[in-house]
Amino acid sequence: MKAKVYVTLKTGVLDPQGQAVSRTLGKLGFDGVESVRIGKYVEIEMADQDLGQAEKELTKMCEKLIVNTVIEDYRIELDGGE
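Numbering of the sequence shown is given in the numbering used here, commencing with residue 1 and proceeding in unit increments.
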């Protein structure tokens, strides 16, 4: 089964990388861009298992290593499994 983890900065956390991209897009003529937020995308291949158990394991992975829960939020999507 494939897990997709989307990590984004929490609302209110400054995003200098997103601001730089936003400014550069404006300089390139993309005047309609109001703001940009940069995040992370992580794919994890897992052995097929119960979806509930897989989600519990992925939550632990995110909270222990993948995500800085102080400043980031995350969302998990699972494809496949039982």
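Ideal Cβ placement from N, Cα and C applies to all residues, glycine included.
Taking the alpha-carbon of residue i as reference, which of the options has the nearest alpha-carbon?
i	options	result
C62	K40, S22 and S35	K40
V70	E45, G52 and K10	K10
Given a threshold of 16 other Cβ atoms within 10 Å of its Cβ, counted over all protein chains shown, does residue i qualify as buried or as exposed?
i	result
Y74	buried
L14	exposed
A54	buried
L28	exposed
Please tell me whether residue i and residue j are closer than 9 Å, where the distance is taken between their beta carbons.
i	j	result
L78	A3	yes
G52	I38	no
Starting from residue i, follow the beta strand (DSSP E) in both directions and report where the run begins and ends.
i	result
V21	Counting along the chain, V21 falls outside any beta strand (DSSP E), though it belongs to the alpha helix (DSSP H) covering P16 to K27.
T8	K2 to L9
L65	Unbroken run through L65: none, as it is neither H nor E.
Determine the extent of the alpha helix (DSSP H) in which residue i is found, giving its start and end residues.
i	result
K40	It is not in any alpha helix (DSSP H) - K40 instead sits in the beta strand (DSSP E) that spans K40 to E45.
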